[in-house]
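Enquirer: Can you keep this structure in mind? I'll have questions shortly.
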Amino acid sequence: MEGVIALGRRHEAVGLTHEELLSLYATMVLVRTLDERILVLNRQGKAPIGISCQGHEAAQMGSAWAALKDGRCFFFPYYRDLALKVTLGVSAYEVLLSFLGKAGDPFSNGRQFPLQGADLRRRIIQLSNVVAAGLPQATGYAWACQYLGEETVVLAYFGDGATSEGECHEAMNFAGIHRVPIVFFCENNGYAISVPQRKQMAIENVATRAAAYGFSGIVVDGTDLFEVYEATRHAIEEARAKGPILIEAKVERLSPHTTDDDDRRYRSREELEQARQRDPLQRLRQYLLQDGLITSEQDTAIWKRARQQVEDATQQAEKAPYPSAATLWEHVYAS
Amino acid sequence: MRVTVELPQVGESVVEGILARWLKEPGQLVQLYEPLAEIVTDKVTMELPSPVSGRILRFLVEEGAKVPVGTPLLEIETLSDTPCDSALSGEEAQPTGVGVSERVGRLLEEERPVGPTGGGAPPEAEETAIRRAEDEGAPMKGGAALVEKPWYSPAVRRLAREHGIDLETLSGTGLGGRVTKEDVLAAIAQRGVHTEEERVKITPIRRLIAENMQRSVREIPQAWAMVEVDVTDLVLYRERVKEDFQRREGVKLTYLPFVLQAVVEGLKQHPRLNARWAGEHIILRRRIHLGIAVATEQGLLVPVIRDADRLSLAGLARAVHELTQRARQHQLTLEDVQGATFTVNNTGALGVVLSRPIVPPDQAGILTMEAITQRVIVFTDRGSHTLPKVMDESLSSFVAPVFSVRYCMNMCLSFDHRILDGAEAAAFLQTVKQRLEAFSP
Amino acid sequence: MGEKSVIEAIRDAMREEMRRDERVIVLGEDVGARGGVFLATQGFLEEFGEARVIDTPLAEASIVGIALGLALKGLRPIAEIQFADFAWPAFNQLLGEAARACYGSFGNVRVPLVVRIPYGGGIRGGLYHSQNMEAYFFHTPGIKVVAPATPYDAKGLLKAAIRDDNPVVFLEHKKTYRLVRGDVPEGEYVLPLGKAEVKHEGSQVTVISYGLVLHYCLQAARKLASEGISVEVVDLRTLRPLDRETIIGSVQKTGKVLIVHEDNKTGGIGAEVAAILAEEAFEFLDAPIRRLCGPDVPTMPFAPPLEEAYMPTTEKIVAALRELAAY
Numbered sequence: 016m017e018g019v020i021a022l023g024r025r026h027e028a029v030g031l032t033h034e035e036l037l038s039l040y041a042t043m044v045l046v047r048t049l050d051e052r053i054l055v056l057n058r059q060g061k062a063p064i065g066i067s068c069q070g071h072e073a074a075q076m077g078s079a080w081a082a083l084k085d086g087r088c089f090f091f092p093y094y095r096d097l098a099l100k101v102t103l104g105v106s107a108y109e110v111l112l113s114f115l116g117k118a119g120d121p122f123s124n125g126r127q128f129p130l131q132g133a134d135l136r137r138r139i140i141q142l143s144n145v146v147a148a149g150l151p152q153a154t155g156y157a158w159a160c161q162y163l164g165e166e167t168v169v170l171a172y173f174g175d176g177a178t179s180e181g182e183c184h185e186a187m188n189f190a191g192i193h194r195v196p197i198v199f200f201c202e203n204n205g206y207a208i209s210v211p212q213r214k215q216m217a218i219e220n221v222a223t224r225a226a227a228y229g230f231s232g233i234v235v236d237g238t239d240l241f242e243v244y245e246a247t248r249h250a251i252e253e254a255r256a257k258g259p260i261l262i263e264a265k266v267e268r269l270s271p272h273t274t275d276d277d278d279r280r281y282r283s284r285e286e287l288e289q290a291r292q293r294d295p296l297q298r299l300r301q302y303l304l305q306d307g308l309i310t311s312e313q314d315t316a317i318w319k320r321a322r323q324q325v326e327d328a329t330q331q332a333e334k335a336p337y338p339s340a341a342t343l344w345e346h347v348y349a350s
Numbered sequence: 011m012r013v014t015v016e017l018p019q020v021g022e023s024v025v026e027g028i029l030a031r032w033l034k035e036p037g038q039l040v041q042l043y044e045p046l047a048e049i050v051t052d053k054v055t056m057e058l059p060s061p062v063s064g065r066i067l068r069f070l071v072e073e074g075a076k077v078p079v080g081t082p083l084l085e086i087e088t089l090s091d092t093p094c095d096s097a098l099s100g101e102e103a104q105p106t107g108v109g110v111s112e113r114v115g116r117l118l119e120e121e122r123p124v125g126p127t128g129g130g131a132p133p134e135a136e137e138t139a140i141r142r143a144e145d146e147g148a149p150m151k152g153g154a155a156l157v158e159k160p161w162y163s164p165a166v167r168r169l170a171r172e173h174g175i176d177l178e179t180l181s182g183t184g185l186g187g188r189v190t191k192e193d194v195l196a197a198i199a200q201r202g203v204h205t206e207e208e209r210v211k212i213t214p215i216r217r218l219i220a221e222n223m224q225r226s227v228r229e230i231p232q233a234w235a236m237v238e239v240d241v242t243d244l245v246l247y248r249e250r251v252k253e254d255f256q257r258r259e260g261v262k263l264t265y266l267p268f269v270l271q272a273v274v275e276g277l278k279q280h281p282r283l284n285a286r287w288a289g290e291h292i293i294l295r296r297r298i299h300l301g302i303a304v305a306t307e308q309g310l311l312v313p314v315i316r317d318a319d320r321l322s323l324a325g326l327a328r329a330v331h332e333l334t335q336r337a338r339q340h341q342l343t344l345e346d347v348q349g350a351t352f353t354v355n356n357t358g359a360l361g362v363v364l365s366r367p368i369v370p371p372d373q374a375g376i377l378t379m380e381a382i383t384q385r386v387i388v389f390t391d392r393g394s395h396t397l398p399k400v401m402d403e404s405l406s407s408f409v410a411p412v413f414s415v416r417y418c419m420n421m422c423l424s425f426d427h428r429i430l431d432g433a434e435a436a437a438f439l440q441t442v443k444q445r446l447e448a449f450s451p
Numbered sequence: 012m013g014e015k016s017v018i019e020a021i022r023d024a025m026r027e028e029m030r031r032d033e034r035v036i037v038l039g040e041d042v043g044a045r046g047g048v049f050l051a052t053q054g055f056l057e058e059f060g061e062a063r064v065i066d067t068p069l070a071e072a073s074i075v076g077i078a079l080g081l082a083l084k085g086l087r088p089i090a091e092i093q094f095a096d097f098a099w100p101a102f103n104q105l106l107g108e109a110a111r112a113c114y115g116s117f118g119n120v121r122v123p124l125v126v127r128i129p130y131g132g133g134i135r136g137g138l139y140h141s142q143n144m145e146a147y148f149f150h151t152p153g154i155k156v157v158a159p160a161t162p163y164d165a166k167g168l169l170k171a172a173i174r175d176d177n178p179v180v181f182l183e184h185k186k187t188y189r190l191v192r193g194d195v196p197e198g199e200y201v202l203p204l205g206k207a208e209v210k211h212e213g214s215q216v217t218v219i220s221y222g223l224v225l226h227y228c229l230q231a232a233r234k235l236a237s238e239g240i241s242v243e244v245v246d247l248r249t250l251r252p253l254d255r256e257t258i259i260g261s262v263q264k265t266g267k268v269l270i271v272h273e274d275n276k277t278g279g280i281g282a283e284v285a286a287i288l289a290e291e292a293f294e295f296l297d298a299p300i301r302r303l304c305g306p307d308v309p310t311m312p313f314a315p316p317l318e319e320a321y322m323p324t325t326e327k328i329v330a331a332l333r334e335l336a337a338y
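In C-alpha cells, the structure reads:
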C-alpha cells in the first residue's frame, strides 16, 4: 500500500487488471447514476425513501471486490451499502424494485426498507435497519462458519454511529475472545445523521478500539479504491488465519443522511464543497483519464450506457406489480 | 383459514330454506362434500354438502330456522392452514403407558426450594401460615338479584331457545336465584310431565304449509262454486275396464286420471283458470301442469304432473301413481313440486262431500273431487238433473218425476276472483262435469 | 419409566438433542464449567466440548444476537438467559430481529433458535429474580412461546422447540425445577407445540393455567372434587400459539371459566384467553369469565408476607372456583 508507485500503475500494484479497473469504474458510474435516479424518484413521490451512498463508493466497492475475488466471503451490510450490493451482483432493476417496494425485490419482496432482508444468492443478510443489530448476528454467523469447518470470512459493515451501540461492543468483544473470522468494516463519514464524530466518541479513530478487543484495527482512505481493495484483501486473509480485524475507512458523506434529511441545517456550504473534493468517483475518473487508461470518448460512452441501463431499469421497475395483499400472512413462521 | 358456509341458491325460484337438521356437530371433522345439514325448500329436503374439508367451528343458525339464500350457516376451519406446527422429525413416537395423571407429577412441599439466584444454600424456606389476601377482583354479583328483570346467561338463553323452554317458568338455583345452565338442562329432561300444555315443534313442512296458506289467503280474493256430477256412467265404465287396465299398464286405474283429463279439457276451453295474477297483467299459461295433492304423514304435498294435456289416460294414471309413491317415501325433488298451473285435490278419498279448498299462491284455481256417494236423483229428462216442474200454473198437469239411484260426486272450485268471475268459473265447472258425465257405461 | 424433576427433564432433553444433532449448540453465561446456575447443562462441557458449550460474556443482547447469527447459518442454538429479569437487553435481538427475520426476508432465512429463560417467583427472589414476562413474548408474531409445568411436558416440548425452525422462547418456572417431579418415559418422544392438555377432567367449571400455579389449580380441583364440585383443569403448555380448540371446547362443556396465572393481571395472557372465549364461546358462558392473577405491581417483593400476598395460592384458587361454581 505504501511507497511510490508510478502514475497510472497503482491498480497494477495492488493486483487489478485493466479490465477489472474499467469494470469497477463502470459499476461505480452505474451506482452513481442509480443513486441520482433514486433521489429523483423520491422527489416524484414514487420512492418513499432514498438512501444515498455518494462518497462511500470506493470503500464499499474496493472491499466488495476483494471479497468477491477471494470467493469465500459472506456479507452483513448496513443501510447505506448500495454500491456494495450492486458490486455483489444486485442489478439496477432489482435495486429499483426494492426502492419502489415492488414484488420481486430479492431481499424481502417489498416488505422492508430498500435492500434489506436477505439475498442469499448474493450472500447478503441484513435483517433490519436497527443500527448495529447486525453485528452480533454477523459475529455469530462467522463463528458458525468456523464451527462447520468452512473457510468463510464474514464482512460486517457499519457506520461511525453504530460503534456507540452496546451491541457493537458486545459483538467485537465476543469476536475477539473466540477469534472469529470476521472483518469489521466501518465506513466512517463523520456523521450519524446530524451528530458529528466529536459528539459520538471521544477518540479520533474508531480503529483504536480494536486493541481493546484484542485484535488490530487499521485506518484507510475510504475514497481511494486501491487502498481499500488492498487493505481488505489482507484483512480477509488475516481474519481467516488469525481472527477479527477492524478496518476503518474514512469517507465523506456527500448527500444528506436520507431523502428525509436536510443537511444544510447542520453542515455549512463550505464544508460540503470541501467534501466534494474527495468524491471517490471523480478521483477514480481522474486516475483513469489522466494517464490515458481510458479516453474521454470511452468515458462518455460509459456514462451514456449507465444512463441507458438506469432508464431501462426504471421503466421496467415502474411497471412491475406490487406484492398482492394476499401475501400479507405468509412467512410469519417457517414451516 | 376460517370458511363461512352460506345457504346456496339451489333452485331458480328458491329464495329461502329451512335448516331442518344438522348432520354434524361443532368440533367434528368434515370431509369435502360430506353432508353438513338437511335443508328443506318448497317442502323438499336436500342435503347441503360441505365446500371444504376441515373442522366445524360453530353453527350460526339453529335447527328449524328459516333463512334466506346466502345466509351464513356455519363456520369451518380448514385443516391445511393450521398454523405453527412444529417441525417434528419422523422419529418421534408417542410414549406408551404414561397416563395424564401420572405425567402430571406432583408438587413437593417439604423440600428445600431453589435459591433465588440458582443453586446454592439459601436460607430455610418456612411454610408460614398463608394469610388470606383479599382477592383482587370484585366478588361475583348475583345475577338475578341485582337487576330488576331476570337475567339469563348466554348459555341459558341458547339452551332455552334450542329446546323451546320458557325461562320464566323456571326457578333458579344459582347465586341470587339465578337460573343456571343446570336448571335449564333439568327442565329439558323433565319437560311435559306436569304442565297443562304441550309444545309441539313445528316441522319444516308444517311451517311451509302454514306460510303458503297464510300468503294465499292474504293475497287472493277467493270465491267458491260447486257442481254435482253424475258419475254413474263413469263408475260403470271404470268397473268394466279397470282390471284389464291394471294388467296392461301395471298401475291401478283410479278416478283421478279421469278427473284430470276432464280438468285439462276445462282448462283448454277456459284458459283463465290456467293463469296467474301478476299485478298489472294476468298471465295465461300455455302449458298445463297439474298439481295433485297427496296426503302424507308429514303433511300435504303437491307434486306436479307436467304437460298433463299431453298424457293419455294411462299416462296420467302412471304419473299419479309414481308421484304419489315418491311423495309418501319422501323422495320428491324440488322439481317435482314446482310449477303447477292448476291444482286438483282428491278430498273424496278422505270421505268428504264438500270442501272449500284454498287456491295455491300463483294459481287461479283449485278443484276438489269429493267422495262418490249414491243418491236418489230426480230428473225429468235423461241426462238432466234439473228439478222438475212439479206443478204448472194450472195445477192440473202434474208431471210425475222419475227417481233413480245414481252415483254422485261433488266438485268444488275455489278461484281467484281477480282473474275471473263466477260465470267463467261456472262455465269451467260445466265443462268438467259434462266431460265426466259423457261416458258410455 | 423413571421419576424426574423438571430440571432433570430439561437437561435430558438438551442432552439427547445434542447427541442426536451436531448442529445443536448451547450458549449462555455459566453454562459450561459451572453447568449452569441451575445445573441445567451439568456435564455438557465434558461431553460435548468447548466448541458446543459456550460460556459467553455477560452480555444478554449478544447472547441472543450471536445465537441468532448461528441460527442464520443453519446451526440450532439454545441460548440461555440466566434469569428472565435480565432478558430485557435481549429484547432487541429476540423480538426486534429474530421474530421478524423470516417474515422480513420473505422466507429467505429461517431462525431455528431456542431461548431458554428461567422465570417466575415464590422463591424469595425479589423484584429482580422473580419476574414473569411471558406477556411480552406472547404478543409478538413470529416467535413461539412455551411454558411447561411438568417434567414430562418440559422434556417433550423442549425437544420439539429445538427441532422447530422458528425462534422459540422456552420459559421454565424456576420454582418447578426441583419441586415438581413426575414420570418421564425412557424412550424417545416429542410433544407438539401449540397443544394444551386437560390435566384433570371435570364438568362444572374450567380452570385454565400454566407454569407453577397449574399445580395449585390441580390441588384445588382435587380438593373441590371431594366437595362434589367437578373442575376441569386445562394446562396451556404452549402460550403462543394458543390451543384455541381445547380452551373453547372445555368452556363449551362447562360454561364457567377461571384463568389463573402468576403474571400481572392487566394485559396478561389471561386477558387474551378471556377475549377469545368471549368472542367464540359466548353462547356457552353461564357465568362471567374470571381471572385470578398476580396483582398489578412490579413483581413480587422480597419479604415473605409480601411475596405470599402476591402469589396465587391453592386456597385463593379454591375460593374463586367455589364462588364460580355457585354462580
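Chains G, L and E supply the protein sequences, listed in that same order. End of the first sequence = 350 in this note's numbering, gap-free, step of one. End of the second sequence = 451 in this note's numbering, gap-free, step of one. End of the third sequence = 338 in this note's numbering, gap-free, step of one. Each residue gets a CB set at the ideal place from its N, CA and C atoms; glycine is no exception.
Considering only their Cβ atoms, is the gap separating residue 40 of chain E from residue 69 of chain E smaller than 7 Å?
Expert: Their beta carbons are under 7 Å apart, which means residue 69 of chain E touches residue 40 of chain E by this criterion.
Enquirer: Along chain L, which residues have their Cβ under 9 Å away from the Cβ of residue 226 of chain E?
Expert: In chain order: 114, 115, 116 and 117.
Enquirer: For the candidate residues L:11, L:38, L:42 and L:51, whose alpha-carbon lies nearest to that of residue 30 of chain L?
Expert: Residue L:51 is the option with its Cα nearest to residue 30 of chain L.
Enquirer: By the 7 Å beta-carbon criterion, what residues does the stretch 47 to 62 of chain E contribute toward chain L?
Expert: Cβ contacts with chain L: 48, 49 and 50.
Enquirer: Short check: CB of residue 342 of chain E to CB of residue 164 of chain E, under 7 Å?
Expert: Residue 342 of chain E falls outside the range modelled here, since chain E spans only 12 to 338, and no answer is possible.
Enquirer: Please name the residue in L:65, L:191, L:324 and L:248 whose C-alpha comes closest to that of residue 294 of chain E.
Expert: Minimum Cα distance to residue 294 of chain E is reached at L:191.
Enquirer: 7 Å is my cut-off, CB to CB: does residue 188 of chain E come that close to chain G?
Expert: Not closer than 7 Å to any Cβ of chain G, the Cβ of residue 188 of chain E fails to qualify, so no.
Enquirer: Taking Cβ-Cβ distances below 8 Å as the criterion, which residues of the stretch 132 to 149 of chain G are in contact with chain E?
Expert: The residues in question are 132, 133, 134, 135, 140, 142, 143, 145 and 148.
Enquirer: I'd like the list of long-range same chain contacts for residue 375 of chain G, defined as Cβ closer than 8 Å, with 5 residues on each side in sequence excluded.
Expert: Here chain G has residues from 16 to 350 only, and residue 375 of chain G is not among them.
Enquirer: Taking the alpha-carbon of residue 284 of chain L as reference, which of L:69, L:290, L:333 and L:375 has the nearest alpha-carbon?
Expert: The candidate whose alpha carbon is nearest that of residue 284 of chain L is L:375.
Enquirer: For the stretch 429 to 442 of chain L against the stretch 271 to 282 of chain L, do three or more pairs of beta-carbon atoms, one drawn from each stretch, fall closer than 8 Å, so that the two count as touching?
Expert: Segments in contact, yes.
Enquirer: Unbroken alpha helix (DSSP H) runs of length 4 or more, entirely within the stretch 107 to 190 of chain G: which are they?
Expert: Here the runs fully enclosed are 107 to 115 and 149 to 162.
Enquirer: Give me the chain E residues within the contact set of residue 190 of chain L, using Cβ-Cβ distance strictly less than 8 Å, ordered along the chain.
Expert: What residue 190 of chain L touches in chain E: 297 and 338.
Enquirer: Measure the alpha-carbon distance for residue 52 of chain G versus residue 325 of chain G and round it to whole angstroms.
Expert: So the two alpha carbons sit approximately 8 Å from each other.
Enquirer: Pop quiz: residue 337 of chain L and residue 446 of chain L are said to be a contact at Cβ under 8 Å. What is the actual Cβ separation, rounded to whole angstroms?
Expert: Not quite, the Cβ-Cβ distance comes to about 25 Å (not below 8 Å), so this is no contact.
Enquirer: If contact is defined by three or more beta carbon pairs under 8 Å, each pair taking one atom from either stretch, is the stretch 86 to 99 of chain E in contact with the stretch 125 to 143 of chain E?
Expert: Touching, yes.
Enquirer: Taking 7 Å as the limit between beta carbons, can you name the residues of its chain near residue 383 of chain L, skipping five residues before and five after?
Expert: Excluding sequence neighbours, residue 383 of chain L sits near 363 and 418.
Enquirer: So for residue 265 of chain G, helix, strand or coil by DSSP?
Expert: Looking at residue 265 of chain G - three-state DSSP - the assignment turns out to be strand.
Enquirer: Check residue 260 of chain G in the structure and name its three-state DSSP category.
Expert: Three-state DSSP puts residue 260 of chain G in a strand.
Enquirer: Would you say residue 169 of chain E and residue 202 of chain E are within 7 Å of each other, going by their C-beta atoms?
Expert: No. Outside cutoff.
Enquirer: Tell me the DSSP bridge mates of residue 295 of chain G?
Expert: According to DSSP, which records beta bridges pairwise, residue 295 of chain G is partnered with nothing at all.
Enquirer: Would you mind listing the alpha helix (DSSP H) stretches within the stretch 104 to 151 of chain E that are 4+ residues and don't spill past its ends, in chain order?
Expert: Here the runs fully enclosed are 110 to 115 and 145 to 149.
Enquirer: Measure from the alpha carbon of residue 70 of chain L to the alpha carbon of each residue in L:63, L:62 and L:81, then state which is nearest.
Expert: Of the candidates L:63, L:62 and L:81, the one whose C-alpha sits nearest the C-alpha of residue 70 of chain L is L:81.
Enquirer: Consider the Cβ of residue 185 of chain G: report whether some Cβ of chain E lies at a distance smaller than 7 Å.
Expert: By this cut-off, residue 185 of chain G is an interface position.
Enquirer: Once you ignore the five residues that flank residue 186 of chain G on each side, which residues in its own chain have a CB closer than 6 Å to its CB?
Expert: So the qualifying residues of the chain are 150, 151 and 154.
Enquirer: Looking at the C-beta of residue 8 of chain E, does it have a partner C-beta in chain L at a distance below 7 Å?
Expert: Residue 8 of chain E lies beyond the residue range present for chain E, which begins at 12 and ends at 338; the question has no answer from this structure.
Enquirer: Using only alpha-carbon positions, find the residue among G:23, G:71, G:40 and G:37 that is nearest to residue 236 of chain G.
Expert: Closest by alpha carbon: G:71.
Enquirer: Is the separation between the beta-carbon of residue 414 of chain L and that of residue 387 of chain L shorter than 7 Å?
Expert: The answer is yes: Cβ separation under 7 Å.
Enquirer: With distances taken Cα to Cα, identify the nearest neighbour of residue 117 of chain L among E:17, E:273, E:306 and E:318.
Expert: Checked all of E:17, E:273, E:306 and E:318; the closest Cα to residue 117 of chain L is E:17.
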